[in-house]
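Here is the structure we will look at, set down as structure tokens.
Numbering (the UniProt record's numbering), first residue to last: 1 to 256.
Dropping the structure here:
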């Protein structure tokens with residue numbers, strides 16, 4: 001089974017930049033998107049020509065903001081949105097499809113914002129999201145993917161020293177929240193596990209200053225897999241050659 005995840009930075013803009021061709025080229029069983037920046041009906045309209053997949057989406061109450069979606073060739077056992085906590089469930093950040101062997105959670109974790117103004121909210125989100133995952137993991141193993149808005153270690157961004165505790169995505173609060181989730185829910189960072197010494201592969205580059213051309217990036221997008229099914233993982237890759245967003249797609253292959 002092949003799964004792909006991509007923060008598209010606006011699904012309607014992405015479609016104009018060749019999103020359908022990217023989906024076709026990957027030919028994944030499941031294709032997850034984050035930051036759709038559109039209401040559910042607008043997402044459906046934008047993706048209407050992608051007929052091989054069933055669309056499951058979740059949009060924010062605020063228009064043109066956040067939002068997630070799952071394109072799946074296989075109809076899931078069940079589809080759910082959000083984590084059931086009102087303060088977190090207004091921004092369309094979680095789409096959850098239950099399959100025969102696992103829960104797939106597609107997430108766009110809140111950015112702590114300029115000046116770290118949302119850092120306290122983010123810390124609370126991380127705790128609640130961890131508890132939500134722990135509860136889900138009681139019934140089936142988990143595959144969690146999306147934009148986690150954190151570089152886990154100094155090996156996951158080009159400039160750790162200048163960003164540490166100054167820039168959202170690399171504060172100790174966010175790192176600790178991510179670490180706590182991995183440990184509490186017993187999850188494996190698939191790319192890092194399979195590529196322990198690859199430190200120049202990133203999934204996000206600022207639009208400013210030619211960052212992508214110079215590969216001054218961050219690894220913010222992950223496939224996290226329950227330890228109990230880790231032995232079924234065949235590959236985890238970062239596809240930084242694919243353009244069309246300030247993020248690039250990532251993929252996971254797993255056999256049940």
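Think of the CB as a built atom: it goes at the ideal place given N, C-alpha and C, for glycine as much as any other residue.
Minimum Cα-Cα distance from residue 252 among the listed residues 104, 12, 24, 129 corresponds to 104.
Residues 40, 43, 69 of the same chain have their beta carbon placed closer than 6 angstroms to that of residue 57, with the five preceding and five following residues left out of the count. DSSP places residue 178 in the helix class (H, G or I) of the three-state scheme. When the beta-carbon positions are compared, residue 25 and residue 3 stay at least 8 angstroms from each other. Sixteen is the threshold: since fewer than 16 other Cβ atoms of the shown chains lie within 10 Å of the Cβ of residue 100, the residue is exposed.
Contact holds between the region 108 to 126 and the region 156 to 176, because three or more Cβ pairs, one in each stretch, are under 8 angstroms apart. Annotation: the region 147 to 203 contains the following complete segments of the alpha helix (DSSP H) (minimum length 4 residues), in chain order: 160 to 163, 172 to 185, 190 to 194. The straight-line gap separating the alpha-carbon atoms of residue 202 and residue 213 is approximately 12 angstroms. If you draw a straight line from the Cα of residue 156 to the Cα of residue 50, it comes to about 33 angstroms. Around the beta carbon of residue 207, fewer than 16 other beta carbons sit within 10 angstroms, so the residue counts as exposed.
Judged by beta-carbon spacing, residue 191 lies within the 8 angstroms limit of residue 222, meaning their Cβ atoms are closer than that value. If you draw a straight line from the Cα of residue 75 to the Cα of residue 37, it is about 24 angstroms long. DSSP links residue 221 through a beta bridge to 147. Taken through DSSP and simplified to helix, strand or coil, residue 43 comes out as helix. By the Cβ neighbour-count rule, residue 162 is exposed, with fewer than 16 other Cβ atoms within 10 Å of its own. Under the rule that a run must span 3 or more residues, the beta strand (DSSP E) segments found entirely inside the region 75 to 137 read 78 to 81, 94 to 98, 103 to 108. Here the region 180 to 188 lies against the region 127 to 134, with 3 or more beta-carbon pairs under 8 angstroms apart. Between residue 229 and residue 239, the beta carbon gap of about 23 angstroms keeps them out of contact (Cβ cut-off 8 angstroms). Between residue 224 and residue 173, the C-beta spacing is not below 8 angstroms. DSSP places residue 236 inside the beta strand (DSSP E), whose first and last residues are 233 to 238. In this structure, residue 90 sits away from residue 31, with a CB-CB distance that is not shorter than 8 angstroms. As computed with DSSP, residue 31 is found in a beta bridge with 4, 71. Note on residue 196: under 16 other CB atoms within 10 angstroms of its CB, so exposed under the neighbour-count rule. The three-state reading of DSSP puts residue 226 in strand, counting E and B together. For residue 253, the pairing in a beta bridge is given by DSSP as 2, 235.
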